[in-house]
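Right, one structure below, let's go through it.
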DNA sequence: ATCGGTGCAAAGGGTTTGCAGGGTA
DNA sequence: TACCCTGCAAACCCTTTGCACCGAT
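Residue numbers (the working numbering), protein chains in the order written: chain A, 32 to 159; chain B, 32 to 159.
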C-alpha cells in the first residue's frame with residue numbers, strides 16, 4: 032500500500048503550480064525550496080511512479096524528457112530556446128488527423144515547436 | 032582544412048543508403064560492416080561535424096536522438112514501436128502553419144508520430 | 001512493529017574529451 | 001613533414017539500483 036509523505040506532496044505540488052512540463056532537474060530545484068534535504072533519486076522514483084499511475088505524461092523536448100500533468104499535456108508544446116521554458120499549446124485538429132499515410136497505425140504523437148517566447152521576444156526588442 | 036578519410040566516407044554513406052534517420056548506435060553498427068575497427072567516438076565526432084556542416088539534422092525520437100540528411104529530414108517522422116525503425120513522412124502544410132499563438136516566434140519544429148508500421152501490422156495479422 | 005519510502009553512494013548507459021599514434025595532403 | 005583524424009580509455013553527464021535507516025500506518 033502506498034504511503035503519503037511530505038516529499039511526494041511537495042513534488043506533486045510542483046506540477047500543479049506550473050504551467051508547462053518540467054524536467055527532473057527543474058522539479059528537484061523547485062521542490063528543494065520547500066524541502067531542502069530532498070534527494071534527486073527520490074524525484075526520479077516519484078516522477079516515474081506518477082507516470083505509472085497516469086498522473087504525469089513524459090514530453091520529450093530537445094532531447095530532454097520533461098513531465099506534465101496528463102490531463103493538461105496531451106497536446107503540442109512550445110520550447111523557448113532563450114529562457115529554456117516549455118509552454119503548452121492548444122491542440123491542433125489538423126495535426127492529429129491524417130498524420131500518417133495508409134498502413135501506418137498511429138498510437139500517439141509528440142510535437143514540439145521551438146523558437147522564442149513572447150516575453151523573451153519583447154526583452155530583445157527593448158534592447159534595440 | 033578538412034581531410035577525407037575512409038571512416039568519414041563510410042559513415043556518410045550510411046545516411047545516403049538509408050530511408051529514415053539513424054541513431055549513433057545504428058550508424059556504428061552499419062559502418063562497422065565495412066570498417067570493423069571503427070570506434071564509437073569517431074562516429075559521434077563525425078556525426079556532430081556533419082550536423083555543424085549542415086548535412087545532417089537531429090531528429091529526437093522517443094528520447095533517442097537520430098540523424099537524417101538535412102535535405103530529406105525537415106518534416107514529420109513515424110516511429111514504429113515494434114521494429115524500432117524510423118520513417119520519413121510527407122510534410123503537412125497544416126502542421127507547419129499556425130503552430131503557435133501570437134507572440135511566439137517559431138524557428139523550427141519536431142513532430143514524431145508513433146505506432147505500428149505497415150509491415151509490422153501485416154505480420155501481426157498473419158499470426159491470427 | 002511493520003514495511004514502504006528516503007537519502008546516500010555506487011553502478012549503468014550514453015556521450016564527450018585527452019592523448020599518443022597513424023594517415024592525408 | 002605538418003597536423004588533422006582516429007582509437008582507446010578515462011571522464012562526464014543523467015538515470016537507476018542497493019542498502020541501511022526513517023517514518024507513516
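For glycine and all other residues, C-beta sits at the position ideal for the given N, C-alpha and C.
Below the 7 angstroms Cβ cutoff, chain B contributes 135 as neighbours of residue 148(A), in chain order.
Take the alpha-carbon of residue 102(A) and the one of residue 52(A): they are about 12 angstroms apart. If you draw a straight line from the Cα of residue 48(A) to the Cα of residue 88(B), it comes to about 35 angstroms.
Under the DSSP definition of a beta bridge, residue 100(B) partners with 87(B).
Judged by DSSP secondary structure, residue 109(A) falls within the beta strand (DSSP E) whose first and last residues are 108-111. When 77(A), 132(A) and 100(A) are compared, the shortest CA-CA separation from residue 39(A) is found for 77(A).
Taking the CA atoms as reference points, residue 132(A) sits about 18 angstroms from residue 141(B).
Residues of chain A with a Cβ closer than 8 angstroms to the Cβ of residue 62(B) do not exist, since the nearest Cβ in that chain sits about 23 angstroms away.
For the C-beta of residue 139(B), the chain A residues within less than 8 angstroms are, from N- to C-terminus, 144, 145 and 146. When rounded, the separation of the alpha-carbon atoms in residue 150(B) and residue 121(B) is 19 angstroms. For residue 44(A), the uninterrupted alpha helix (DSSP H) run begins and ends at 37-48, by DSSP. In the three-state reduction of the DSSP assignment, residue 68(B) falls in the coil class. Going by C-alpha positions, residue 37(B) is about 10 angstroms away from residue 69(B).
With a cutoff of 8 angstroms on beta-carbon distance, residue 42(B) and residue 60(B) are scored as not near each other.
For the pair residue 54(A) and residue 93(A), the CB atoms are not nearer than the 8 angstroms cut-off. Taken atom to atom, the span from the alpha-carbon of residue 79(A) to that of residue 33(B) is near 45 angstroms.
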